[in-house]
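Numbering follows the UniProt record's numbering, with no gaps: position 10 of the sequence shown is 10.
For every residue, glycine included, the Cβ atom is placed at its ideal position computed from N, Cα and C.
Working notes, beginning with the structure itself.
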Amino acid sequence: MWKFIVRRLIITIPQIIVLSVLVFLMAQMMPGDALTGQIDPSIDPAAIEQQRERLGLNDPWHVQYADWVGAAFQGDFGQSFRFKMPVTDIIGERMVNSIWLSVVTLVFTYALAIPLGITSGRYNDSLLDQGITGYTYIGFAMPLFIFALLMLWIFGFQLGWFPTSGSVTPGLVPGTFDYILSKLYHLILPSLSLALITTVSTVQYLRSEIIDTKQKDFIITARSKGASESRVYNRHILRNSVLPIAAFFGFEITNLIGGTIFVEQIFSYPGMGQLFFESINLRDYSVVNSLVLLFGIASILGALISDIILSLIDPRIRIK
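Here's what the structure looks like:
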């Protein structure tokens, strides 16, 4: 088992290196630079060019990349040109909100997916199953940003049940009970919007697993021995069908990365996704590079977690 984990960790190292190079090159190919639109056009162009030279914006890309990676290994992702503060401080402020959003979304996702998947698989071809399957088809076809906008318009603006922006009510003291309640209240609508879409793949997968397991020989044998239907489902079918869902936990983390970027922007939620959009518009390359790199590393680690969990469930897939 440890050999498998070590080998998978070794494989992730070149993946992260290639990712960092691609991220840096794509940022370099973006039109303009960090000073574009940020300096008074009446300033002498020679002074602007001197500023670019001082910031290293005129250096060859490989020199800039080496400087960036070297500083990143020391925990220094550079200075934000827009916010005039260290990138690590900016991301640290937003990361907490994004983690909260991801955790609550995962709770909603599994709280919805597991009961719906079990019900749909157990009573397949029934009206209840057709209703759940219809929901999953709509979820697959509905773009996340369209669904999030509908949720915001209906429950935020029309009904007024939930806040339409922000992560907490202004003026509350951090750490107090009211502050925590406000945090959770602001999380409900964006996290539920994301969960209702991301849950459909888990529902379909669990349904298919249950239907497939019901037809296995050991299930038929258990029924022929007189085992009750509840015992067959709880001790045999569910045990063999639900466990593989755990292997997709890492991929759920990967899917959340892309989802939170859109949801945070739509709900004006101050997380890393909203910061990502703002940094692109402002050509704040140091922040963009750092965020994309962090998103990519999270995706790679999510795949690693899934592989490890799957190897624990099914030892046959381990690398010899």
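P14 (DSSP reduced to helix, strand or coil)
helix
Going by the CB atoms, is the gap between A148 and I266 shorter than 7 Å?
yes
Give every residue of the same chain whose Cβ lies closer than 6 Å to the Cβ of P163, excluding the five residues on either side of it in the sequence, and list them in chain order.
H186
Is G80 near I91, with beta carbons less than 7 Å apart?
Note that residue 80 is Ser in the sequence shown here, rather than Gly. No, Cβ-Cβ distance for S80 and I91 is not below 7 Å.
Cβ-based neighbour list, T88, same chain, cut-off 6 Å, excluding 5 preceding and 5 following:
F77
Extent of the continuous alpha helix (DSSP H) run through I280:
272-281
Same chain only: Cβ atoms within 6 Å of V287, ignoring 5 sequence neighbours per side:
S80, V87, S279
Using beta-carbon positions only, say whether F155 and L189 come within less than 7 Å of one another.
yes
Are N124 and I17 touching if we call contact CB-CB under 7 Å?
no
Distance between beta carbons of S20 and V63, contact taken as under 8 Å:
V63 to S20, Cβ: 15 Å. No contact.
Quick one: residues in its chain with C-beta nearer than 8 Å to the C-beta of L172, no 5 flanking neighbours on either side, listed in chain order?
D178, Y179, S182
Looking at F108 and A195, is the spacing between their C-beta atoms short of 7 Å?
yes
Residue range of the alpha helix (DSSP H) that includes R122
87-122
Sequence-distant residues of the same chain with beta carbon closer than 7 Å to D284, five excluded per side
A34, S80, F81, R82
Which stretch, first to last residue, makes up the alpha helix (DSSP H) that contains P190?
177-214
Considering only their Cβ atoms, is the gap separating F276 from I261 smaller than 7 Å?
yes
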